[in-house]
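A.B. asks: One structure coming up, written as structure tokens, with questions to follow.
There are 2 protein chains.
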Amino acid sequence: MAAAASSLLAAASASTSRAAISTRRPRAAPAAASTPSSSRSSCPPLRASSARSRRGRFFIAAAAPTMQPPAVSRVSAVVDVDLGDRSYPIYIGPGLLDEPDLLQRHVIGKRVLVVTNTTVAPLYLEKVTWALTHDNPNVSVESVILPDGEKYKDMDTLMKVFDKAVESRLDRRCTFVALGGGVIGDMCGFAAAAFLRGVNFIQIPTTLMSQVDSSVGGKTGINHPLGKNLIGAFYQPQCVLIDTETLNTLPDRELASGIGEVVKYGLIRDAPFFEWQEKNMAALLAREPSALTYAIKRSCENKAEVVAQDEKESGLRATLNLGHTFGHAIETGLGYGEWLHGEAVAAGTVMAADMSYRLGWIDEPLKRRIFDILEQAKLPVAPPKGMTVEKFKKIMAVDKKVADGLLRLILLKGPLGGCVFTGDYDRKALDETLRAFCDN
Amino acid sequence: MAAAASSLLAAASASTSRAAISTRRPRAAPAAASTPSSSRSSCPPLRASSARSRRGRFFIAAAAPTMQPPAVSRVSAVVDVDLGDRSYPIYIGPGLLDEPDLLQRHVIGKRVLVVTNTTVAPLYLEKVTWALTHDNPNVSVESVILPDGEKYKDMDTLMKVFDKAVESRLDRRCTFVALGGGVIGDMCGFAAAAFLRGVNFIQIPTTLMSQVDSSVGGKTGINHPLGKNLIGAFYQPQCVLIDTETLNTLPDRELASGIGEVVKYGLIRDAPFFEWQEKNMAALLAREPSALTYAIKRSCENKAEVVAQDEKESGLRATLNLGHTFGHAIETGLGYGEWLHGEAVAAGTVMAADMSYRLGWIDEPLKRRIFDILEQAKLPVAPPKGMTVEKFKKIMAVDKKVADGLLRLILLKGPLGGCVFTGDYDRKALDETLRAFCDN
């Protein structure tokens with residue numbers, strides 16, 4: 001199916017842009033308000049076999065193969081996540097759910113289980129089911145609709161996925177499809193990793209948060225009452241399909257939450273991207289399609305580069321968790337679902353910046369810029385009331401980045417775009433930051 | 441630690457025997473009642489680093505390194521499971537829990553969680569804790585004691601392991617130790633796979649079943665109410681430590697259950713081993729140490745060879761499930777824990793042999809020998825009352841070996857030692873076998 005479908009997506013005419021992803025800092029983004037993706041362009045779809053043999057690359061656009069009637073594709077960009085035989089493409093573009101073969105080529109077996117939630121199902125389940133089955137009568141689709149929200153990212157809810165899979169008699173040759181935000185992606189991915197010890201799965205993220213971060217890189221899992229994401233697996237999808245038009249139905253608060261993670265990439269490794277965000281935040285908040293597409297693509301490229309170098313988070317990958325140790329503590333301390341993940345991360349990022357400044361690792365203007373951009377994005381810049389110093393410390397003690405009892409943090413260091421992952425810092429700075437941001 | 445400990449275990453003098461595991465059929469076992477392992481011999485311990493770089497080999501005994509004071513080790517055999525960077529050794533011998541450094545060299549981090557059950561804890565938990573901490577004050581040991589039995593191999597019980605790990609603030613640099621039979625090994629292994637997305641673990645199997653089969657090869661998981669082992673992971677241990685003296689406390693029925701799996705290896709790929717079993721069944725049932733040690737070693741070698749060729753069960757590995765599709769149906773249909781796993785597998789093996797005979801794939805004398813050896817081992821040779829044809833069919837429909845709706849089975853074919861894994865068989869033979877063994 002993959003080979004047959006690939007010819008249907010050729011672009012009529014477009015320029016080619018390829019860049020091997022090998023440097024730590026990506027290429028500079030354009031400083032102007034207009035983005036390089038503002039005109040829709042097409043790219044050749046990646047067959048799974050060829051995608052899996054390529055070293056991390058991305059395609060903004062490419063020429064059409066000859067000998068085939070040109071067919072318009074809506075794929076604006078393909079970012080490859082390079083993980084050897086677990087490599088996969090991220091397709092990005094508006095209206096990708098209207099291109100059935102893009103999805104179908106990554107389905108294994110004849111049975112599909114779509115995992116979604118009560119919010120997303122009424123919006124996109126029918127469309128995804130159509131995309132999976134259009135001109136493809138051999139495939140049958142089941143679905144399980146979970147309650148919506150971080151507080152349901154638990155073992156009881158996960159069991160509903162297994163129940164549905166077993167009751168539907170799905171076998172090893174089946175495909176799970178995650179349709180929703182980060183919670184759905186994490187739960188569906190873990191269910192796919194564990195069902196029959198591993199079945200195929202596809203990510204269709206429908207929130208900005210999941211499109212720029214959680215759907216990429218294979219981290220899956222659920223929460224434990226005492227801590228976020230403590231139970232899970234590293235398990236890579238077969239592809240990630242980002243239809244940017246799904247953002248049209250996203251609430252403003254969810255959009256801002258995703259921007260929190262976009263800001264992160266700029267801070268930890270991509271200064272030009274951060275500078276682009278400073279100039280284009282209004283366009284992002286106004287959901288200007290080209291701005292959103294560029295932000296998603298650039299975020300996925302950053303994430304793909306990091307994951308390709310350190311899939312299982314032995315070091316570098318941890319830097320993607322800037323602000324997350326404080327943020328997870330807020331999420332756990334408040335009760336899952338009170339704040340959105342990106343909201344907690346935003347407050348956590350301000351705290352990490354504050355601590356980095358107290359350590360003398362970044363200067364005051366940078367600390368200020370971080371505060372300003374997150375505030376402009378209408379994100380929280382301090383933890384909520386009720387988060388005491390003790391509460392932070394107690395929850396952070398079970399963070400996954402603790403090693404042999406030592407809490408390691410991602411902190412900013414040097415000029416914009418530099419960071420460190422370290423347990424070697426003055427504890428006083430941590431105490432001072434906590435005291436500065438907490439009531440007691 | 442690994443390097444320091446390795447010199448302590450050198451044998452004073454012994455002959456060397458190495459054989460690369462590369463042929464499908466292992467070397468012939470001695471036909472006589474005495475076994476080649478009847479005299480205790482020693483072997484050089486494998487350091488993790490060197491073990492992981494070796495192609496599958498086993499050592500019955502080896503010469504001592506020079507320049508080191510000789511120290512007696514109780515390791516009778518080491519079987520390597522060759523899986524590239526996930527390779528690991530299986531240590532086999534009497535009294536291995538009295539050798540702390542054998543265990544300690546495979547511990548990662550300073551924190552250990554021993555997962556065991558209410559039956560095994562009073563017998564061996566103290567000893568294992570001693571072995572982990574003797575002359576090793578840096579390591580602290582926690583334990584979680586689960587209820588004993590297959591019916592507790594479920595998500596609720598698994599959560600107790602996660603609860604203990606989180607409450608104890610274990611971090612990624614910790615080690616889970618499975619101390620018990622197959623249920624404990626499967627659950628602890630899956631917990632280790634999923635806790636913080638994967639931590640180190642060690643198998644210390646204490647039943648014959650787990651020593652000859654379930655502790656080796658990385659299959660972990662739990663049951664779903666509708667089917668066995670439907671939720672889990674492929675996750676390899678750091679080592680398997682088989683202290684054959686733990687069999688001294690094993691009930692007769694559990695011993696027989698393990699023999700069911702030993703018989704399997706002979707039938708599917710090792711005719712000389714089957715012939716050895718026919719001559720030595722009385723010695724096995726009488727727990728003659730050298731007979732047991734030989735049976736364990738030979739079983740582990742067979743399993744290691746198969747797993748090294750097909751870790752994730754894309755084909756060959758499925759042959760290890762001879763009798764298991766019928767057997768799992770019995771276990772699920774009766775309610776988990778009514779019959780022991782090996783009991784259900786024994787009845788399932790007789791059914792598979794019967795079906796193979798009806799298909800004309802094996803002759804009558806072989807079918808008879810299979811029946812006889814299992815009966816001699818005091819194992820069930822037919823399913824229990826209450827297992828109807830319909831019940832078998834309904835449960836087998838969700839077996840993991842179903843692919844695109846087709847039930848594939850492991851069946852015997854040709855002379856002793858040959859089998860096939862296939863969905864290409866006459867359905868009439870399956871129906872006839874079910875009708876012959878069921879009440880209706």
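Heads up: the protein sequence lines correspond to chains A and B, in order. Read in the working numbering, the first sequence has 431 at position 431, and its numbers run on one by one without any break. In short: position in the second sequence from 1, add 440, done, that's the working numbering. Here a beta-carbon is modelled for each residue, glycine too, at the ideal position from N, C-alpha and C. Because the structure is a prediction, the values reported are computed rather than measured.
Is there a Cβ of chain A sitting closer than 8 Å to that of B/G625, yes or no?
C.D. replies: no
A.B. asks: I need the straight-line Cα distance from B/P665 to A/T388, nearest angstrom please.
C.D. replies: 43 Å
A.B. asks: May I have a chain-ordered list of the alpha helix (DSSP H) segments no shorter than 4 residues that lie completely inside the stretch 229 to 293 of chain A?
C.D. replies: 252 to 269 and 271 to 285
A.B. asks: Could you list the residues in the stretch 811 to 825 of chain B with a C-beta less than 9 Å from some C-beta on chain A, going in chain order?
C.D. replies: none
A.B. asks: Kindly indicate the opening and closing residues of the beta strand (DSSP E) around A/F176.
C.D. replies: C174 to G180
A.B. asks: Please report the Cβ distance between B/V838 and B/G667, rounded to the nearest whole angstrom; I am assuming they are in contact, meaning their Cβ atoms lie under 8 Å.
C.D. replies: 5 Å
A.B. asks: Any Cβ of chain A within less than 8 Å of the Cβ of B/M836?
C.D. replies: Chain A, which has no Cβ nearer than 8 Å to the Cβ of B/M836, makes this no.
A.B. asks: Report back the beta-carbon spacing between B/V515 and B/C740 to the nearest angstrom; my notes put them in contact at under 8 Å.
C.D. replies: That pair is no contact at about 13 Å.
A.B. asks: How is the beta strand (DSSP E) around A/V317 delimited, first residue to last?
C.D. replies: First, the residue type needs correcting, since residue 317 of chain A is Arg and not Val in the sequence shown. For A/R317, there is no enclosing beta strand (DSSP E), since its DSSP letter is neither H nor E.
A.B. asks: Counting C-beta neighbours from all protein chains within 10 Å, is the total for A/P122 16 or more, i.e. buried, or is it exposed?
C.D. replies: Around the beta carbon of A/P122, fewer than 16 other beta carbons sit within 10 angstroms, so the residue counts as exposed.
A.B. asks: Would the beta-carbon of A/D154 fall within 8 Å of that of A/I222?
C.D. replies: yes
A.B. asks: State the DSSP-derived secondary structure class of A/C438, mapped to helix, strand or coil.
C.D. replies: In the structure shown, A/C438 sits in coil (DSSP, three-state: anything other than H, G, I, E or B).
A.B. asks: Quick one: using the 10 Å Cβ neighbour count with 16 as the cut-off for buried, is A/G414 buried or exposed?
C.D. replies: exposed
A.B. asks: As an exercise, report each continuous beta strand (DSSP E) stretch of at least 3 residues that is fully enclosed by the stretch 115 to 180 of chain A, in chain order.
C.D. replies: Here the runs fully enclosed are 140 to 146 and 174 to 180.
A.B. asks: For A/N248, count neighbouring C-beta atoms within 10 Å of its own C-beta (all shown protein chains included) and say buried if the count is 16 or more, exposed if not.
C.D. replies: exposed
A.B. asks: Would a C-beta distance cut-off of 8 Å place A/A377 and A/L285 closer than the cut-off?
C.D. replies: Cβ atoms of A/A377 and A/L285: closer than 8 Å.
A.B. asks: List, in order along the chain, the chain D residues whose C-beta lies closer than 8 Å to that of A/F201?
C.D. replies: The chain inventory of the structure shown lacks chain D, comprising the protein chains A and B.
A.B. asks: Assuming A/L109 contacts B/D844 under a Cβ cut-off of 8 Å, what Cβ separation, rounded to an integer in Å, is found between them?
C.D. replies: For clarity, residue 109 of chain A is Gly in the given sequence; the question names Leu instead. About 6 Å; that satisfies the 8 Å criterion.
A.B. asks: Flag this pair as yes or no: are the beta carbons of A/I262 and A/A304 separated by less than 8 Å?
C.D. replies: In the sequence as presented, Ile is not what sits at residue 262 of chain A; that position holds Val. Not in contact: A/V262 and A/A304 (Cβ atoms no closer than 8 Å).
A.B. asks: Name the residue from A/P289, A/L196 and A/F190 whose alpha carbon lies nearest to the alpha carbon of A/L170.
C.D. replies: A/L196
A.B. asks: Does A/I373 come out as helix, strand or coil in the three-state DSSP assignment?
C.D. replies: helix
A.B. asks: Using 8 Å as the threshold, is the C-beta distance between A/L359 and A/A271 below it?
C.D. replies: Cβ atoms of A/L359 and A/A271: not closer than 8 Å.
A.B. asks: What separation, rounded to the nearest whole angstrom, lies between the Cα atoms of A/V120 and A/V177?
C.D. replies: 13 Å
A.B. asks: What residue does the alpha helix (DSSP H) around A/K393 start on, and which one ends it?
C.D. replies: V389 to M396
A.B. asks: Nearest-angstrom Cα distance between A/G342 and A/F201?
C.D. replies: 25 Å
A.B. asks: Taking C-beta to C-beta, are B/E590 and B/T647 nearer than 8 Å?
C.D. replies: no
A.B. asks: When you compare the CB of A/F421 with every CB in chain B, is at least one pair closer than 8 Å?
C.D. replies: no
A.B. asks: Helix, strand or coil for B/L806 per DSSP?
C.D. replies: helix
A.B. asks: Pair every Cβ in the stretch 567 to 579 of chain B with every Cβ in the stretch 352 to 367 of chain A, then say whether three or more of these pairs are closer than 8 Å.
C.D. replies: no
A.B. asks: Return the residue from the list B/I682, B/M627 and B/C614 that minimises the CA-CA distance to B/K600.
C.D. replies: B/M627
A.B. asks: Assign B/T556 to one of two classes, buried (16 or more other C-beta atoms within 10 Å of its C-beta) or exposed (fewer than that).
C.D. replies: buried
A.B. asks: Just to confirm the assignment, what range does the beta strand (DSSP E) spanning B/Q643 have?
C.D. replies: N640 to P645
A.B. asks: Give a yes or no on contact between the stretch 670 to 681 of chain B and the stretch 714 to 725 of chain B, applying the rule of three or more CB pairs nearer than 8 Å.
C.D. replies: Between the stretch 670 to 681 of chain B and the stretch 714 to 725 of chain B, the count of C-beta pairs closer than 8 Å stays below three; the two stretches do not touch.
A.B. asks: For A/K297, does the count of other Cβ atoms within 10 angstroms reach 16, so buried, or fall short, so exposed?
C.D. replies: buried
A.B. asks: So, helix, strand or coil for B/K659, using DSSP?
C.D. replies: strand
A.B. asks: Which residue's Cα is closest to the Cα of A/A191: A/D431, A/E288, A/I231 and A/P383?
C.D. replies: A/I231
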